[in-house]
Amino acid sequence: MKWKVVANGNSYLVCRKTWHSPLWMGIVKKDIRSITIHNRSFSVEVFADCSTSQLAHKLLTLVERP
95 MKWKVVANGN
105 SYLVCRKTWH
115 SPLWMGIVKK
125 DIRSITIHNR
135 SFSVEVFADC
145 STSQLAHKLL
155 TLVERP
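For any residue, its number in the working numbering is found by taking its place in the sequence shown, counting from 1, and adding 94.
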């Protein structure tokens with residue numbers, strides 16, 4: 095799955111869709127959250143929770159490097 099920046103409330107998440115549910119968070123050592131986009135619920139793996147869009151986009155370039 096591709097990493098994206100998603101506005102979520104007062105923050106910006108660098109995240110990607112995942113098949114894991116939030117119940118897996120402690121098992122796989124990842125930040126798994128359920129978020130709603132356009133009235134649809136998605137489980138996402140969160141790389142970073144940022145206060146500004148600019149910071150989120152800078153971190154996105156780091157996580158997308160091969």
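Ideal placement from N, C-alpha and C gives every residue a C-beta, glycine not left out.
Beta-ladder partner(s) of residue i, from DSSP
i    : result
E139 : R110 and I126
N104 : Per DSSP, none; premise fails for N104.
K98  : C109
R134 : I131
When the options are compared against residue i, the one with the closest alpha-carbon
i    : options                   : result
K111 : F136, T146 and D125       : F136
H97  : R134, I131, V138 and S105 : The residue asked about is misnamed: residue 97 is Trp in this sequence, not His. Answer by Cα proximity: V138.
T155 : S145, C109, N102 and N104 : C109
A101 : K124, D125, C144 and E158 : C144
Rounded separation between residue i and residue j - CA only
i    : j    : result
N104 : H151 : 16 Å
R114 : N133 : Residue identity check: residue 114 is His in the sequence provided, not Arg. Each residue's alpha carbon lies about 20 Å from the other.
Y106 : T146 : 6 Å
R127 : V140 : 7 Å
I166 : R159 : The chain is shown only over 95 to 160; residue 166 falls outside these bounds and no answer can be derived.
K124 : M95  : 15 Å
S157 : V99  : Per the sequence presented here, residue 157 reads as Val, with Ser not at that position. Computed Cα separation, rounded: 11 Å.
A142 : L153 : 8 Å
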